[in-house]
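Here the sequence shown stands for residues 171 to 590, numbered as in the working numbering.
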Amino acid sequence: MARIGLSEGEPAPEWARRYPAHASGAIRLYGEEFHRDPAAVYWRLRSEHGPVAPVLVDGAVPAWLVLDYREFGQVLENPAHYTRDSAAWNSWDLIPADWPLIPMITKRNTAWFLTGDEHHRRVSVLADGLGSVDPFELRTASERVADALIDAFADQGKADLIAEYAELLPLRVTTALLGIPPVDSAAIVADLAVVVNGGPDAVAANLRLRAGLQAQVTARREHPRFDVLSRLVAHPVRLGDGELLEELQTVFAIVHQATSAWIGNTLRLMLGDARFATTILGGRRSVGEAMAEVLWEDPPGATLTGRWTVGRRMLGQYFLEAGDLLLLSIAAANTDPKIRPGREIIHRNQAHLAYGYGEHRCPLAGQEIGEAIAETAVQVLLDRLPDVELALPIEQLLWRPSLWLRSLMDLPVVFTPAGP
Numbered sequence: 171m172a173r174i175g176l177s178e179g180e181p182a183p184e185w186a187r188r189y190p191a192h193a194s195g196a197i198r199l200y201g202e203e204f205h206r207d208p209a210a211v212y213w214r215l216r217s218e219h220g221p222v223a224p225v226l227v228d229g230a231v232p233a234w235l236v237l238d239y240r241e242f243g244q245v246l247e248n249p250a251h252y253t254r255d256s257a258a259w260n261s262w263d264l265i266p267a268d269w270p271l272i273p274m275i276t277k278r279n280t281a282w283f284l285t286g287d288e289h290h291r292r293v294s295v296l297a298d299g300l301g302s303v304d305p306f307e308l309r310t311a312s313e314r315v316a317d318a319l320i321d322a323f324a325d326q327g328k329a330d331l332i333a334e335y336a337e338l339l340p341l342r343v344t345t346a347l348l349g350i351p352p353v354d355s356a357a358i359v360a361d362l363a364v365v366v367n368g369g370p371d372a373v374a375a376n377l378r379l380r381a382g383l384q385a386q387v388t389a390r391r392e393h394p395r396f397d398v399l400s401r402l403v404a405h406p407v408r409l410g411d412g413e414l415l416e417e418l419q420t421v422f423a424i425v426h427q428a429t430s431a432w433i434g435n436t437l438r439l440m441l442g443d444a445r446f447a448t449t450i451l452g453g454r455r456s457v458g459e460a461m462a463e464v465l466w467e468d469p470p471g472a473t474l475t476g477r478w479t480v481g482r483r484m485l486g487q488y489f490l491e492a493g494d495l496l497l498l499s500i501a502a503a504n505t506d507p508k509i510r511p512g513r514e515i516i517h518r519n520q521a522h523l524a525y526g527y528g529e530h531r532c533p534l535a536g537q538e539i540g541e542a543i544a545e546t547a548v549q550v551l552l553d554r555l556p557d558v559e560l561a562l563p564i565e566q567l568l569w570r571p572s573l574w575l576r577s578l579m580d581l582p583v584v585f586t587p588a589g590p
C-alpha cells in the first residue's frame with residue numbers, strides 16, 4: 171500500500187501543521203495501487219481508522235474520507251454542520267491555481283451544489299421536466315439508438331462496448347428526449363465528451379457546448395414544441411437562461427458519466443462473471459439483477475464531492491477542524507459490514523447509496539430515466555449479439571483512474587459478424 175510519510179512526498183510543512191493526523195502515513199486515493207483495487211484500500215482504511223479516515227488526494231492534499239453508512243447519512247443530513255459551500259475550505263491559500271480537482275469541488279451555480287430553497291427551486295423544474303417523459307417514448311428512443319449503434323459495428327465481429335456503445339447511447343437518447351434535432355445533437359454530444367474527459371481542447375469545447383445549448387434554449391423560447399426542453403423553458407418557476415444552461419450541462423454530465431458507466435459495468439458483469447455469463451444463451455439471469463448488483467458493488471458514482479465542516483466537531487474517531495474537507499465514499503459505505511454482514515447482495519434492496527442521499531439525492535424521475543436507458547441498452551445488445559463474449563479475461567479489464575467515477579476504460583468483445 172503506497173503511503174505518504176514525512177520522508178516520501180508528504181504534505182508540505184504547512185499542510186502537516188494544519189492536519190497532524192495526515193502528516194505521517196496517510197493513504198493516497200490516487201496512483202496505480204489505489205485505482206487497481208480501491209475496495210482493498212477502503213477495507214484497510216476502515217480497519218485502521220474506523221468510519222472516517224485521514225487521506226490524501228491529488229497533489230498530497232489532505233482530506234477526510236467518510237467510509238461508513240451511518241456517518242455518510244450524518245454528514246448529508248446536517249448541512250448546518252457540514253456545508254456544501256467550497257468557500258468554507260480552510261486551505262484554499264495552499265491550493266495552486268492549476269490543481270486538477272478544482273472543477274470537481276468548487277461550488278457552481280447549479281442544483282448539484284446549491285442548498286435550501288434555491289436548491290429546491292432548481293430541482294422542482296428538473297423533476298417536473300424529467301417526470302413528463304413518457305416511459306414508452308423513452309424505451310422506444312433507447313431501442314432505436316441502441317440498434318443504430320449496434321448496426322455500425324455488427325458486421326465487424328468485434329467492438330469496444332464503451333467507446334462505441336455505452337458512452338454514446340445515453341447522450342443520444344437524452345438529446346432526442348429534449349427535442350434537440352439530430353443535426354445539432356451530434357455536435358453537442360461530441361463537445362460534451364471532450365469536456366467530461368478533459369484535455370487541452372476542453373475549454374474550447376465547453377464554450378461551444380454552452381453556445382449550442384443556448385441556441386436550443388433560445389429556439390424553444392421563441393418557438394415552443396412538445397418536448398422536454400420546451401417544458402423546462404416554460405416551467406412556471408421561470409429559470410433564467412444562465413440557470414437553465416447550468417442545469418442542462420449538469421444533467422448531460424451525469425447522464426454521460428453515471429448512465430454510461432452503469433451500462434458498461436453491467437455488461438462487464440454479465441459477460442465476465444460466471445454467475446451471469448454461463449446462462450446468456452439460455453435462461454440468462456435477469457439484466458435487472460446485474461444492474462442492481464452493480465449499484466451495490468461498483469456504483470458509477472464512487473465518491474461524492476466535498477463537504478466542509480462548520481465549526482470544530484467530532485466525526486468517527488477524529489476531531490475535525492472548521493473548514494476541513496470531507497469526501498464521501500459511496501463505494502465504501504455500500505460495503506459497510508454493519509449493514510451488509512457477509513457482503514451478500516440483496517437484489518431487491520434499494521438501501522444502497524448509488525443515487526446519493528438526502529437533499530442532493532437524484533430525483534426519482536432521473537433514477538427511472540437512467541434505469542430505463544441502461545436496462546434497454548443491455549437487453550438490446552444481448553438480444554442482437556447472442557454469442558457476444560469478452561475479448562480478454564475480466565480481470566484484465568482496466569478501470570478509469572478516477573476517485574469519483576467507477577467505469578471501465580474499454581470493454582472489448584467479439585461475436586459472430588452479422589451477415590450481408
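Using N, Cα and C, we set each Cβ at its ideal position, and we do this for glycine too.
| query | result |
| --- | --- |
| R380 versus L414, A186 and V343, residue with shortest Cα-Cα distance | L414 |
| Beta carbon of W478 nearer than 8 Å to that of L496 | yes |
| Backbone CA spacing between F306 and I543 [nearest angstrom] | 11 Å |
| Sequence-distant residues of the same chain with beta carbon closer than 8 Å to L523, five excluded per side | Y239, F242, P469, I500, A503 and N504 |
| The alpha helix (DSSP H) enclosing V584, as first and last residue numbers | Element bounds for V584: not the alpha helix (DSSP H) but the beta strand (DSSP E), P582 to V584. |
| L215 beta carbon less than 8 Å from that of L237 | yes |
| Sequence ranges, beta strand (DSSP E) only - wholly within the stretch 263-346, length at least 3 | 328-330 |
| Rounded C-alpha distance that separates V398 from Q419 | 15 Å |
| Runs of beta strand (DSSP E) lying entirely within the stretch 216-270, each at least 3 residues, in chain order | 222-227 and 231-236 |
| For G540, the three-state DSSP class (helix, strand or coil) | helix |
| Spatial neighbours of A191 in its chain, beta-carbon cut-off 7 Å, leaving aside the 5 residues before and after | P224 and Y488 |
| Whole-angstrom distance between G442 and G452, CA atom to CA atom | Per-residue confidence for G452 stands at a pLDDT of 49, beneath the threshold of 50, marking its modelled position as unreliable; the derived number appears in the next sentence. Roughly 16 Å between the two C-alpha positions. |
| H608 versus R570 - alpha carbon distance | Because residue 608 is not part of the residues shown, which for the chain are 171 to 590, the question remains open. |
| Whether G299 touches A428 by CB criterion (8 Å) | no |
| Which of helix, strand or coil DSSP assigns to I509 | coil |
| Residue interval of the alpha helix (DSSP H) (run including G412) | D411 to I424 |
| CA-to-CA distance, D553 to D268, given in whole angstroms | 46 Å |
| For A196, the three-state DSSP class (helix, strand or coil) | strand |
| A257 beta carbon less than 8 Å from that of K277 | yes |
| Helix, strand or coil at L562 [DSSP, three-state] | coil |
| Opening and closing residue of the alpha helix (DSSP H) in which F204 lies | E202 to R206 |
| Three-pair Cβ contact test at 8 Å for the stretch 520-539 versus the stretch 285-296 | yes |
| For I499, the residue or residues it bridges with in DSSP | According to the sequence as given, residue 499 is Ser; it is not Ile. Bridge partners of S499: T473. |
| Interface flag, D443 vs chain B, CB-CB below 8 Å | This model lacks chain B altogether; it includes just one protein chain. |
| Between the CA atoms of A230 and S312 - distance to the nearest angstrom | 42 Å |
| Between the CA atoms of A472 and V583 - distance to the nearest angstrom | 25 Å |
| Limits of the unbroken beta strand (DSSP E) element including R483 | R483 to L485 |
| Collapsed DSSP secondary structure at Y212 in the structure displayed | helix |
| Best match in L551, A363 and S261 for proximity to A318 [C-alpha to C-alpha] | L551 |
| Whole-Å CB distance - G434 paired with A561, under 8 Å assumed | About 14 Å; that fails the 8 Å criterion. |
| Buried or exposed (CB count within 10 angstroms, at least 16 for buried), P556 | exposed |
| V480 vs Y200 beta-carbon contact at 8 Å | no |
| Under the three-state DSSP convention, the category L575 falls into | strand |
| Exposed unless 16 or more other CB atoms sit within 10 angstroms - verdict on M579 | exposed |
| Residues of its chain near I450, where Cβ-Cβ distance is below 6 Å and the 5 sequence neighbours each way are ignored | Only weak support is given to the placement of I450: the predicted model assigns it a pLDDT of 48, under 50, and the value that follows is read from those uncertain coordinates. Nothing meets the Cβ criterion. |
| Per-residue burial, T388 [other beta carbons within 10 Å of its own, 16 or more giving buried] | exposed |
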